[in-house]
Amino acid sequence: MITCNLTTPPFAAKGTRTVRRANLKQGKGVRSVMRAMALAGLGLGVIPMLGGCVNVSAPDKPIVIELNINIRQEVIYRLAADAANTIEENPEIF
Amino acid sequence: MRSLIEKPVAAATLALAMLAGLGMAAPAGAQARGEAYAAAKAQGQVGEQRNGYLGVVGSQSADVRSMVRDINNKRRAIYTSKAASLSSTIDEYAFTTACRLIAETSPGEKYEGLDGSWKTRGSGAPERDPKCP
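Residue numbers (my numbering), protein chains in the order written: chain A, 1229 to 1322; chain B, 47 to 179.
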């Protein structure tokens, strides 16, 4: 009898328990471990689906990321008065 | 006799007024916007961009384009020295100046709108960047 599908995948079932442990230590059982984890993950994934539906909908509008980081807001306020003076002092180019 | 006295007085007053007018006009004329620049701006051939530099609206003559280049070089020199003395970046100083310049445009003049296209200043407030002070 196969006791547990999660820990004893069919392709690894030919060896004895001690052999499998030895394989694990040597790194040969990585695939079986990964498979077990994948199956466990599947099992976890199924539980919330049974409990109820979680709907994730995309936003209607595109997500806009402001990349204009060259302009710092606090600096703009500090410069405002000086900029006004500059315009007044150089009417030939403004 | 009255007319003899009044005439020289009137003439002197007129001469004084003309001198005063010339005296006032000379420094202002040296500093104020050049004729070509004023005309180009009034006719909407050039417009204020959001980056603090003058832009050529549509296709204009080589004279207009070289004038814009010249003005922008001078602007950049000022932005550079001001930014350095106020420990900000050239872009920040130029942007702040642009906010002011766009706000100060007269009706009929061109400026760059928030969508990047040229807008004609109307009687109301111009479109301005939300970052503007």
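The beta-carbon is built from N, C-alpha and C at its ideal position, and this holds for glycine as well.
Please read all numbers here as calculations on a predicted model, not as lab measurements.
Practice item. Have a look at B:Ala149, B:Thr142, B:Ile124 and flag the residue whose alpha-carbon is nearest the alpha-carbon of Asn1318 (chain A). Key: Nearest of B:Ala149, B:Thr142, B:Ile124 to Asn1318 (chain A), Cα basis: B:Ile124.
Point to revise | Chain-order list of residues whose beta-carbon lies under 6 Å from that of Ile136 (chain B) (same chain, five-residue window excluded) | key: Excluding positions up to five away in sequence, the list reads Tyr125, Thr126, Ala129.
Check your understanding: Per DSSP, what kind of secondary structure is Gly170 (chain B) in: helix, strand or coil?
Key -> Coil at Gly170 (chain B), not helix or strand.
Point to revise | Whole-number beta carbon distance between Ala88 (chain B) and Gly170 (chain B), since they are thought to touch under 8 Å | key: So it is not a contact: roughly 19 Å between Cβ atoms.
Exercise for review: Have a look at the DSSP bridge pairing and note the partners of Lys87 (chain B).
Suggested key: Bridge pairing for Lys87 (chain B): absent [DSSP].
Review point. Quick one: is Leu160 (chain B) buried, meaning 16 or more other Cβ sit within 10 Å of its Cβ, or exposed?
Key: Exposed: under 16 other Cβ atoms inside 10 Å.
Review point. Under a three-way DSSP split, which group does Val102 (chain B) fall into?
Key: DSSP, read as helix, strand or coil, puts Val102 (chain B) in strand.
Exercise for review: Would you list, in sequence order, the uninterrupted beta strand (DSSP E) runs of no fewer than 3 residues that lie entirely inside the stretch 92-169 of chain B?
Suggested key: Note on the stretch 92-169 of chain B: whole beta strand (DSSP E) runs with a minimum of 3 residues are 92-94, 100-102, 156-158, 164-166, in chain order.
Point to revise | Cutoff 8 Å: Ser134 (chain B) Cβ touching any chain A Cβ | key: Yes, its Cβ sits closer than 8 Å to a Cβ of chain A.
Practice item. Return the CA-CA distance between Ala82 (chain B) and Arg1300 (chain A), expressed in angstroms with no decimal places. Key: Going by the C-alpha atoms only, they are around 35 Å apart.
Check your understanding: Residues of chain A with a CB under 7 Å from the CB of Glu81 (chain B): which are they?
Key -> Those within 7 Å of Glu81 (chain B) in chain A number zero; the least Cβ separation is about 11 Å.
Check your understanding: Rounded C-beta distance between Ile148 (chain B) and Tyr157 (chain B)? I'm assuming under 8 Å.
Key -> Contact holds; Cβ gap of about 5 Å.
Check your understanding: Can you tell me whether DSSP reads Val1303 (chain A) as helix, strand or coil?
Key -> Val1303 (chain A): helix per DSSP, three-state reduction.
Check your understanding: Alpha carbon to alpha carbon, what distance is there between Asp1310 (chain A) and Thr143 (chain B)?
Key -> The alpha-carbon atoms of Thr143 (chain B) and Asp1310 (chain A) are separated by roughly 9 Å.
Check your understanding: For Asn1313 (chain A), which of helix, strand or coil comes out of DSSP?
Key -> If DSSP states are grouped into helix, strand and coil, Asn1313 (chain A) belongs with the helices.
Review point. Buried or exposed: which applies to Glu1316 (chain A), given that a residue is buried once 16 or more other Cβ atoms fall within 10 Å of its Cβ?
Key: Residue environment: Glu1316 (chain A) is assigned as exposed (fewer than 16 neighbouring CB atoms within 10 Å of its CB, all protein chains considered).
**Study point:** Chain-order list of residues whose beta-carbon lies under 7 Å from that of Glu173 (chain B) (same chain, five-residue window excluded)
**Key:** Excluding positions up to five away in sequence, the list reads Gly159, Leu160, Lys165.
Point to revise | Other residues of its chain near Glu94 (chain B): CB distance less than 8 Å, five sequence neighbours each side excluded | key: The residues are Leu100, Gly101, Ala144, Leu147, Ile148, Thr151, Glu155, Lys156, Tyr157, Glu158.
Review point. Within 10 angstroms of its Cβ, does Asn118 (chain B) collect 16 or more other Cβ (buried), or is it exposed?
Key: Classified as buried, Asn118 (chain B) has 16 or more neighbouring CB atoms from the shown chains inside 10 Å of its CB.
Practice item. Determine the direct distance from the alpha carbon of Asn97 (chain B) to that of Leu1307 (chain A), and round the result to whole angstroms. Key: Between the alpha carbons of Leu1307 (chain A) and Asn97 (chain B) lies a distance of about 15 Å.
Check your understanding: When you compare each of A:Val1282, A:Phe1322, A:Ile1304 to Ser133 (chain B) by their alpha carbons, which one comes out closest?
Key -> Of A:Val1282, A:Phe1322, A:Ile1304, the residue nearest in Cα terms is A:Ile1304.
Exercise for review: Would you please verify whether the beta carbon of Tyr99 (chain B) is less than 8 Å from any beta carbon of chain A?
Suggested key: Not closer than 8 Å to any Cβ of chain A, the Cβ of Tyr99 (chain B) fails to qualify, so no.
**Study point:** Closer than 7 Å at the beta carbon, the chain A residues around Lys177 (chain B)
**Key:** For Lys177 (chain B), the C-beta contacts it makes with chain A under 7 Å involve Ile1299, Gln1301, Ile1304, in order along the chain.
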